[in-house]
Amino acid sequence: MNVKYHQPTETVASPCVRNCCLNQEDVCLGCFRHIDEIMAWSKLDAKAKKNVLNLCEQRQQLIQK
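In structure tokens:
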């Protein structure tokens with residue numbers, strides 16, 4: 629008997645804080661995602677979402693300086 633086990637897909641929560649306001653560079657000042665990242669979020673895999681979250685952290689640090 630050959631049984632395949634599927635590992636559950638990792639879920640990455642959206643960083644959205646329901647405070648959407650885009651700056652001049654189309655970056656949300658609530659979650660720090662670019663508009664393109666917001667639009668693509670539901671189609672991204674976990675690895676890509678984590679990459680976006682890292683970019684958000686970097687943007688937040690730059691914007692809040």
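Residue numbering for the sequence shown follows my numbering, starting at 629 and increasing by one per position.
Even for Gly, the Cβ is constructed at its ideal location relative to N, Cα and C.
Closest by CA to S644, which one among K677, Q689, Q652? Mapped onto the sequence shown, residue 644 falls at position 16. In the sequence as presented, Ser is not what sits at residue 644; that position holds Cys. Among K677, Q689, Q652, the Cα nearest to that of C644 is on K677.
With DSSP as the reference, label L650 as helix, strand or coil. For this step, residue 650 is matched to residue 22 along the sequence shown. Strand.
Roughly how many angstroms lie between the CA atoms of H662 and V640, to the nearest whole one? Within the sequence shown, residue 662 is the residue found at index 34, counting from 1. Within the sequence shown, residue 640 is the residue found at index 12, counting from 1. Rounded to the nearest angstrom, the two C-alpha atoms are 17 angstroms apart.
When the Cα atoms are used, what is the spatial distance from G658 to Q686? Counting from one through the sequence shown, the residue named residue 658 turns up at place 30. Counting from one through the sequence shown, the residue named residue 686 turns up at place 58. If I take the Cα positions, the gap works out to 14 angstroms.
Bridge-paired residues (DSSP) for V655: Sequence index remark: in the sequence shown, residue 655 carries index 27 (1-based). Per DSSP, H662.
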